[in-house]
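Undergrad:
Protein chains: 2
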Amino acid sequence: NAEVPEQMITENYITPPELFYIRHHHPVPYLTEEDVKNYHVKFDLTQYGGKEIEISLADLKKLKKVEVVTTLQCSGNRRSGYNDVKKTSGTSWGQGAVSTAKWGGARLKDVLELAGLDDPFAAEDEGLEYVRFESLDGMKSSITIDKAMNPYGDCILAYEMNGETLPRDHGFPVRLIVPGYSAVRNVKWVSKVELSKYEAEGPWQRGLNYKTLPPSVTDAKSVDIEKMPSMMVGSIFSGITNLDFGKHINASTAKSYKAGDSIMVKAGGWAWAGGGRNIVRVDLTGDNGETWTTAEIQQGGDQKFGRAWAWVFWSCELPATIQDDGTVHVHSKALDHAFNVQPEHCRHTWNIRGLGNNSWHSKHMKVN
Amino acid sequence: NAEVPEQMITENYITPPELFYIRHHHPVPYLTEEDVKNYHVKFDLTQYGGKEIEISLADLKKLKKVEVVTTLQCSGNRRSGYNDVKKTSGTSWGQGAVSTAKWGGARLKDVLELAGLDDPFAAEDEGLEYVRFESLDGMKSSITIDKAMNPYGDCILAYEMNGETLPRDHGFPVRLIVPGYSAVRNVKWVSKVELSKYEAEGPWQRGLNYKTLPPSVTDAKSVDIEKMPSMMVGSIFSGITNLDFGKHINASTAKSYKAGDSIMVKAGGWAWAGGGRNIVRVDLTGDNGETWTTAEIQQGGDQKFGRAWAWVFWSCELPATIQDDGTVHVHSKALDHAFNVQPEHCRHTWNIRGLGNNSWHSKHMKVN
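Protein sequence lines, in the order shown, are assigned to chains F and V.
First residue of the first sequence? That's 1 in the UniProt record's numbering, and the numbers climb one at a time after it.
First residue of the second sequence? That's 1 in the UniProt record's numbering, and the numbers climb one at a time after it.
If you want it as structure tokens, here you go:
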């Protein structure tokens, strides 16, 4: 498991594969040359009255290639912020469990049609509401049939990352891309796809791992996990990756300022909302919310409405008040296109698994 | 313009037409019997290389009838809460500018196909990203082509409300239903539909009326309105409509409690998220966020994932601390399926038009 170093997150809009964060639940499957040659994904449509067929990498490549730029974020990104409120379980990520790539592959819809799913509405009427996925490493996950079959859903079975063959760590030879969803649903090393009346079995879909419990629940045994939905679509997030003096002052001239003074600073960072929701604004404050300055969106602002699968990068010059300890504190909050905002604190979203900490992001800098 | 009285909001899951809130920008169009007989909607597909054709009410009724239960909410609902922070412009709604109905009509996708839109992807590739609507009263609005043509988008041209002919106040003879979107996009008295490269003209789509400006902007003239997106998809909301002693105590036994005591109270209300997002939880607190109790979802909890167009009703018994003035204060916050939450305060989402105040909802009750 590896996080992207904070200042490197916004160095590249498309994260290079060697920087792209890594989160695995199991060891990375090793495939021999022979395994790769014989690689295929099983499609089980027997529930739909269809067959069980095998689709090879060559079959996938015969279908129209689609490229989708998506941001993937671990559901536990920024878990460390929760730990300041109360200890959670799980990897103590900073803000670096997030990256973006351009994935190339076949549209899941096209592959499911090739496998025999000719009428998804009929399937749904029969109760077949889920498409379930299995990975070579034993990971199981599911999405609903409308996300898979929606012509605007942009789900793909990817065999390329940033124009190159998918790296082993990122799901070689075939991974699922479910744009706008938590990274865990973007199953790597896909080995099986099936229609079902029920969501996937196992801890990653039905277990505690991806369930956001209420803030007052400190013992997961006290609740009925089955009744709690699993993380699927990502929430609204932003992160400040850079904070400096900009062109206004420098570390040397800053010495003439004192606590209580307001100085101009420059911040840069990223923002992302799940579900294809565009970032409509990122606002920053250097005086703990008394005033807000709107950032300039620098990259990613031109994504289609409702299909903004990738992050935006932003930059902002704003006034910040020097605190008694000689630092300035800057907070960012992003708004998605439904005008949902990041909450101010994480103490009211705290959950024992430490999932989805999307409160205002904060960064401070020593001024004098 | 008429709000639903607070305690009546959750009396009926499907709001009766006579209670359904009303918000008009202009006088309600009056149609003679002759007008009704000759009623048709103009479809202009000339931008797509098609024709301008007229579709009558009878034509609409020949298409498959689809029924969709959606909640409609005014973008200014709960504006009054903002006015406590700083004065906004616009009607000072409480929480009653929200209602739910079962709409019956033809799928917009089917009608657009009937009008000649055979390849929406080709249309989009040509830059025709918008479907624009005009109303008899001069209202103009638009949505993106993927919402209109998405087979799971559930947009309809409705001629029925709760199984009856659409009432005049609610758009008779034909209104648009855009599930999950702010009510303003659900254009009444639809007279024209067209494909376009650009969003609709006029103040309701491009003007200040439905634009959520940054909190520090107190003079709309200081910003470039064209660059700000308009309200489209609704955000995450909840409202407490009832607060009482439940079965635990009554107004008479309550007298024995004093400030600082914790008593059990019972609250009921609604919650809704735009964009088809299911409500996964409503949490309530009676001690200003120290502890949270999760409500029971009583109606609306069985909607499909991602197509939860209507609200849920909930009920919750929770401990509440008696304040020095003898009252208890209860706050509700809902979570949508992306685990976005309502913000604690509205002071950081304040905007001069007073749109989208979705902060925690609060209600208090005199105990002794």
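Here a beta-carbon is modelled for each residue, glycine too, at the ideal position from N, C-alpha and C.
Note that the coordinates shown come from a computational prediction; the quantities given were computed from them, not determined experimentally.
#1: Going along chain F, which residues have a C-beta under 8 Å from K147(V)?
#2: From the beta carbon of H364(V), is the nearest beta carbon of chain F less than 9 Å away?
#3: What are the start and end residues of each continuous alpha helix (DSSP H) run of 4 or more residues lying completely inside the region 187-249 of chain V, in chain order?
#4: For P214(V), go through chain F and note every residue whose CB falls closer than 7 Å to its CB, in chain order.
#5: Quick one: what's got a C-beta closer than 7 Å to W360(V)'s C-beta in the same chain, skipping five residues either side?
#6: Which residue's Cα is closest to the Cα of E160(F): M149(F), R175(F) and G104(F)?
#7: By DSSP's criteria, Q73(V) is part of a beta bridge. Which residues make up the other side?
#8: In terms of residue numbering, what span does the alpha helix (DSSP H) encompassing L128(F) cover?
#9: Taking the straight line between their C-alpha atoms, what separation do you get for H348(V) and L114(V)?
#10: Does DSSP classify A251(V) as helix, strand or coil?
#11: How long is the line joining the alpha carbons of G81(V) and L45(F), rounded to whole angstroms?
#12: Return the residue from the list E34(V), L213(V) and V85(V) that minimises the CA-CA distance to R281(F).
#13: Do S196(V) and G131(V) come within 9 Å of each other at the CB atom, strictly closer than that value?
#14: Check whether the region 172-192 of chain F and the region 138-158 of chain F touch, using three or more Cβ-Cβ pairs below 8 Å as the test.
#15: Quick one, which of K258(V), P319(V) and A183(V) has its alpha-carbon nearest G286(V)'s?
#16: Under the three-state reduction of DSSP, which class applies to S80(V): helix, strand or coil?
#17: Here's the rule I'm using: 16 or more other beta-carbon atoms within 10 Å means buried, otherwise exposed. How should E33(V) be labelled?
#18: Alpha carbon to alpha carbon, how far is T91(V) from R78(V)? Give it in angstroms, no decimals.
#19: Can you find the residues in the same chain that come closer than 6 Å, C-beta to C-beta, to G239(V), ignoring five residues on each side of it along the sequence?
#20: Where are the beta strand (DSSP E) runs, 3 residues long or more, that stay fully inside the region 311-364 of chain F, in chain order?
#21: Note the first and the last residue of the continuous alpha helix (DSSP H) segment covering I145(F).
#22: Which residues in chain V sit within 8 Å of E344(F), going by Cβ to Cβ distance?
#23: Can you find a CB in chain V that lies within less than 9 Å of the CB of F339(F)?
#24: Have a look at R107(F), W93(F) and G171(F) and flag the residue whose alpha-carbon is nearest the alpha-carbon of L31(F).
#25: For P167(V), which residues from the same chain have a beta carbon less than 7 Å from its beta carbon, with the 5 sequence-adjacent residues on both sides left out?
#26: Go ahead and pull the three-state DSSP assignment for D110(F).
#27: Taking C-beta pairs closer than 7 Å, name the residues in chain V that T144(F) reaches, listed in chain order.
#28: Output the distance between the C-alpha atoms of T70(V) and N83(F), rounded to the nearest integer angstrom.
#29: Who are the neighbours of G286(V) on chain F, taking C-beta pairs under 9 Å?
#30: Relative to the alpha-carbon of E124(F), which residue among R107(F), M149(F) and S135(F) has its alpha-carbon at the smallest distance?
#31: Going by other Cβ atoms of all chains shown within 10 Å of its Cβ, with 16 needed for buried, is I297(F) buried or exposed?
#32: Which residue from E317(F), L335(F), A338(F) and N351(F) puts its Cα closest to that of W292(V)?
#33: For G356(F), decide whether its Cβ has a neighbour in chain V, counting only Cβ atoms nearer than 9 Å.
#34: In chain V, which residues lie with their C-beta within 7 Å of the C-beta of M264(F)?
#35: Answer with buried or exposed for G127(V), where buried requires no fewer than 16 other C-beta atoms within 10 angstroms of its C-beta.
#36: Ends of the alpha helix (DSSP H) at L57(F)?
TA: The answer reads as follows:
#1: G306
#2: no
#3: none
#4: Ordered by position in chain F, the residues that pass the 7 Å Cβ test against P214(V) are R281, D283, W292 and T294.
#5: H331, S332, K333, Q342 and E344
#6: G104(F)
#7: V98(V)
#8: It is not in any alpha helix (DSSP H) - L128(F) carries neither H nor E in the DSSP assignment.
#9: 46 Å
#10: Three-state DSSP puts A251(V) in coil, outside helix and strand.
#11: 52 Å
#12: Among E34(V), L213(V) and V85(V), the Cα nearest to that of R281(F) belongs to L213(V).
#13: Here the sequence assigns Val to residue 131(V), which means Gly is not the residue at that position. Yes, the Cβ-Cβ distance between V131(V) and S196(V) is below 9 Å.
#14: yes
#15: Looking at the Cα atoms, P319(V) is the closest of the given residues.
#16: helix
#17: With fewer than 16 Cβ atoms within 10 Å of its Cβ, E33(V) is classed as exposed.
#18: 10 Å
#19: Q95, G269, W270 and H361
#20: 312-321 and 327-336
#21: Bounds of the alpha helix (DSSP H) holding I145(F) are I145 to M149.
#22: The contact set of E344(F) on chain V, defined by CB atoms closer than 8 Å, consists of P343, E344, H345 and H348 in chain order.
#23: Chain V, which has a Cβ nearer than 9 Å to the Cβ of F339(F), makes this yes.
#24: G171(F)
#25: P17 and M161
#26: helix
#27: For T144(F), the chain V residues whose Cβ falls inside 7 Å of its Cβ are F305 and G306, in order along the chain.
#28: 39 Å
#29: What G286(V) touches in chain F: nothing, since even the nearest Cβ is about 12 Å away.
#30: M149(F)
#31: Around the beta carbon of I297(F), 16 or more other beta carbons sit within 10 angstroms, so the residue counts as buried.
#32: N351(F)
#33: yes
#34: None at all; the shortest Cβ gap to chain V is about 15 Å.
#35: exposed
#36: L57 to K62
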